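Peer 1: So that we are looking at the same thing, I have put the structure below in structure tokens.
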Amino acid sequence: MAEAFSAHERTGELAQQLAEFLERHSRVLVLTGAGLSTASGIPDYRDRDGVRRGRLPIQGPEFRRDPAIQRRYWARSMVGYPQLAQARPNGGHRALAALEAGRKLSDILTQNVDGLHHQAGSQAVLELHGNIHEVGCLGCGARCSRASLQSRLQRDNPGLNETMAKPLPDGDAALDTDTLADVQANFVLPLCEQCGGVLMPDVVFFGDNVPPARTASALALMEAADALLVVGSSLMVYSGFRFCRLAAAAGKPIAALNLGRTRADDLLALKLEASSETLLPLVAQLLNADAAPTDLSDQRGIS
């Protein structure tokens with residue numbers, strides 16, 4: 000009982016520290032990563048030491064030039080996407096939405112592609128790496144929802160409809176060697192209904208760059224901010240770490256709420272090792288910002 004009470008007290012102390020950090024700064028930019036969404040059932044990429052788990056990700060240039068890699072990607076996505084589509088915002092997402100509504104933070108810059116910030120009711124969100132729930136044609140630029148594409152995938156590849164596999168981040172799944180071999184031979188690749196072109200999720204693949212206009216918008220948010228709060232990110236990917244470097248160079252304080260080390264540990268003014276789904280709601284309560292805006296989870300139209 001004493002140990003449990005001590006842990007509860009420690010969590011309260013950490014929440015107080017973060018609440019004071021937010022109170023000291025009028026324009027706090029929040030940078031979020033995969034660790035924020037693990038409580039929503041979406042696996043993250045790295046362990047507590049920042050080491051990447053599992054296989055290497057598909058590279059964008061490889062995807063665009065190789066139909067075999069496209070089939071492999073879409074087969075895994077067909078199996079893994081339903082779990083991602085069912086994910087709902089957790090307490091951390093909802094607390095950030097409440098803090099934004101209460102003017103305790105300015106904007107959210109997220110490395111996540113799961114759309115959970117918008118579902119939680121956050122308004123000022125820039126999705127640095129895109130959104131997995133949208134798909135675009137590399138030929139004509141036509142767009143469709145990932146949910147509608149799932150129906151086509153299941154119709155054209157009924158042999159995979161009952162396949163069970165370990166879910167991976169971003170709606171992916173770990174298919175066994177035999178299933179992958181069958182996919183290579185028989186999987187019907189989804190093509191654009193407008194021009195027959197290659198379809199690609201509206202996300203930034205490894206090996207690709209964030210679109211210049213989006214990068215410019217993100218950099219403008221960092222320039223306008225007077226502090227940076229990192230939530231659920233090890234910052235091992237440079238597209239996120241760069242904002243810590245920019246903040247540090249400008250003398251803007253950085254706080255991080257993350258379970259495990261981050262690439263920016265030596266730049267932090269405040270490091271909080273705690274669960275974001277537990278700590279952020281406490282922070283919102285301390286700042287009288289715990290009346291969260293409408294949760295849009297059930298209005299998304301994803302089946």
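Residue numbers for the sequence shown follow numbering that gives the first Met the number 0, so the first one is 0 and each next one is one higher. A virtual CB, placed ideally from N, CA and C, is assigned to each residue, including glycine. A quick note: this is a predicted structure, and the numbers were derived from the prediction, not measured.
1) Mapping DSSP to helix, strand and coil, what is GLU126?
2) Okay, do the region 256 to 272 and the region 56 to 65 touch, 3+ Cβ pairs below 8 Å being the bar?
3) Between the Cα of VAL209 and the Cα atoms of GLN149, VAL112 and ALA226, which residue gives the shortest distance?
4) Any heavy atom of the ligand HEM within a distance shorter than 6 Å of the CB on PHE204?
5) Once the 5 residues before and after PRO24 are set aside, which same chain residues still bring their CB inside 6 Å of it?
6) May I ask you to list the residues that DSSP assigns as paired with VAL230?
7) With distances taken between CB atoms, is the gap from ASN156 to GLU276 smaller than 7 Å?
8) From GLU272 to GLY138, what distance separates their C-alpha atoms?
9) Which parts of the region 46 to 107 are runs of the alpha helix (DSSP H), unbroken and 4 residues or longer, counting only runs that do not cross its ends?
10) Alpha carbon to alpha carbon, what distance is there between GLU222 and ASN288?
11) Just tell me which of ARG87, ASP65, GLY129 and GLY206 has its CA closest to the CA of LEU188.
12) List the residues that DSSP assigns as beta-bridge partners of GLY135.
13) Check whether the region 34 to 45 and the region 112 to 121 are in contact - that is, three or more C-beta pairs closer than 8 Å.
14) Quick one: what does DSSP say ASP264 is sitting in, helix, strand or coil?
15) Could you pull the start and end residues of the beta strand (DSSP E) that LEU190 belongs to?
16) For LEU271, which residues does DSSP report across the bridge?
17) How about LEU17 and ASP106: are their beta carbons less than 7 Å apart?
Peer 2: This is what the structure gives:
1) Three-state DSSP puts GLU126 in a strand.
2) no
3) VAL112
4) Looking for the ligand HEM in the displayed structure turns up nothing, as the structure carries no ligands at all.
5) Per the sequence shown, residue 24 should be read as His rather than Pro. Contacts found: ASP225 and ALA226.
6) THR31 and LEU256
7) No, the pair does not count as a contact, with Cβ atoms beyond the cut-off.
8) Approximately 45 Å between the Cα atoms of the pair.
9) 59 to 64, 66 to 84 and 90 to 100
10) Position check: residue 288 holds Ala in this sequence, whereas Asn was assumed. In this structure, the alpha-carbon of ALA288 lies about 25 Å from that of GLU222.
11) Of the candidates ARG87, ASP65, GLY129 and GLY206, the one whose C-alpha sits nearest the C-alpha of LEU188 is ASP65.
12) According to DSSP, which records beta bridges pairwise, GLY135 is partnered with ARG142 and MET199.
13) Yes, they touch.
14) helix
15) Looking at the DSSP string, LEU190 is not in any beta strand (DSSP E), and its letter there is neither H nor E.
16) LEU256
17) no
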